[in-house]
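Only one structure is covered here, and it is reproduced in the block below.
Numbering (our numbering), first residue to last: 35 to 223.
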């Protein structure tokens, strides 16, 4: 069966979490971009205005939330500095600007107060759910360039092979496949 990622993950969550992840409260990039435009009308910060919704979304999705670990806060500047150079796609100044002027002062409070969520919240809830069982024999993911680190970790946990000890020679035979093209990203990640 083929399913969209959000619906598949939401269905795996315990029933009591389904209301928290109502599709009407989901923030995808299109909604974020519209909210961003409204937010810019309320802020006088010229640096934030030049940042752009795409860059802010990229930093929030990829770093602040996409690398968040269970029991920990969103990645901060010290955590960003510790990342290997090849994992960094923005300057420390850009990261800090998004962290302070977008994440802390606007987007996080907006989501918390209005019970809004994005795909990273959904992935995080699934990663934190101890009862989430690996139950999928074969995993094929298209548009893999749009997945964050946490989403990729979650996808591998779906596989029945996740908890098995396999000889390294057998790893290429595990039926998990990703297809994607970084030049065709839908979410600026």
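Glycine included, each C-beta is placed from N, C-alpha and C at the ideal position.
Beta carbon of residue 160, beta carbon of residue 188: below 8 Å?
Here residue 160 corresponds to residue number 126 of the chain shown, with the count starting at 1. Here residue 188 corresponds to residue number 154 of the chain shown, with the count starting at 1. Yes. Within cutoff.
What are the start and end residues of each continuous alpha helix (DSSP H) run of 4 or more residues lying completely inside the region 51-121, in chain order?
63-74, 80-85, 87-93, 111-116
From the DSSP output, which residues share a beta bridge with residue 175?
Numbered from its first residue, the chain shown carries residue 175 at position 141. Paired residue(s): 212.
How do the region 55-71 and the region 139-149 stand: do at least 3 beta-carbon pairs fall below 8 Å, yes or no?
yes
Does DSSP put residue 170 in a helix, a strand or coil?
For this step, residue 170 is matched to residue 136 along the chain shown. DSSP places residue 170 in strand when its eight states are reduced to three.
So residue 149 is in the alpha helix (DSSP H); what residue range does that whole segment cover?
In the chain shown, the residue the question calls residue 149 occupies position 115. Careful: residue 149 lies outside any alpha helix (DSSP H) and carries neither H nor E.
Between the C-alpha atoms of residue 173 and residue 196, what's the straight-line distance to the nearest angstrom?
Residue numbering aside, residue 173 sits at position 139 when the chain shown is read from its first letter. Residue numbering aside, residue 196 sits at position 162 when the chain shown is read from its first letter. Rounded to whole angstroms, residue 173 to residue 196 spans 11 Å at the Cα level.
I want to know whether the region 85-105 touches the region 116-131 - three or more CB-CB distances under 8 Å.
yes
Residue 127: first and last residue of the uninterrupted alpha helix (DSSP H) it sits in:
Walking along the chain shown from the start, residue 127 turns up at place 93. Per DSSP, residue 127 belongs to the alpha helix (DSSP H) from 126-131.
Three CB pairs or more closer than 8 Å across the region 87-99 and the region 130-137
yes
Roughly how many angstroms lie between the CA atoms of residue 81 and residue 74, to the nearest whole one?
The count along the chain shown starts at 1 and reaches residue 81 at position 47. The count along the chain shown starts at 1 and reaches residue 74 at position 40. Straight-line Cα distance between these residues: approximately 11 Å.
Which residues does DSSP list as the beta-bridge partners of residue 193?
One-based indexing of the chain shown puts residue 193 at position 159. In DSSP, residue 193 forms a bridge with 170.
Please classify residue 184 as buried or exposed, where buried requires at least 16 other C-beta atoms within 10 Å of its C-beta.
The residue you call residue 184 lines up with position 150 of the chain shown. Classification for residue 184: buried.
Three-way DSSP call (helix, strand, coil) for residue 201 in this model
Mapped onto the chain shown, residue 201 falls at position 167. Three-state DSSP puts residue 201 in coil, outside helix and strand.
Distance, residue 48 Cα to residue 55 Cα
The sequence position of residue 55 within the chain shown is 21, counting from 1. The sequence position of residue 48 within the chain shown is 14, counting from 1. Roughly 11 Å separates the two Cα atoms.
Sequence-distant residues of the same chain with beta carbon closer than 6 Å to residue 43, five excluded per side
Start at 1 with the first residue of the chain shown, and residue 43 comes out as number 9. If we look at residue 43 and ignore the five residues flanking it on each side, its Cβ neighbours are 156, 160.
By a C-beta neighbour count over all protein chains shown, 10 Å radius and 16 as the cutoff for buried, is residue 154 buried or exposed?
In the chain shown, residue 154 corresponds to position 120, counting from 1. Classification of residue 154: buried, given that the 10 Å Cβ count is 16 or more.
From residue 52 to residue 152, what does the alpha carbon distance come to, in whole angstroms?
Along the chain shown, read from residue 1 onward, the residue named residue 52 stands at position 18. Along the chain shown, read from residue 1 onward, the residue named residue 152 stands at position 118. Their Cα atoms are separated by approximately 14 Å.
Cβ pair residue 126, residue 111 closer than 8 Å
Taking the chain shown and counting its residues from 1, one reaches residue 126 at position 92. Taking the chain shown and counting its residues from 1, one reaches residue 111 at position 77. Yes, Cβ-Cβ distance for residue 126 and residue 111 is below 8 Å.
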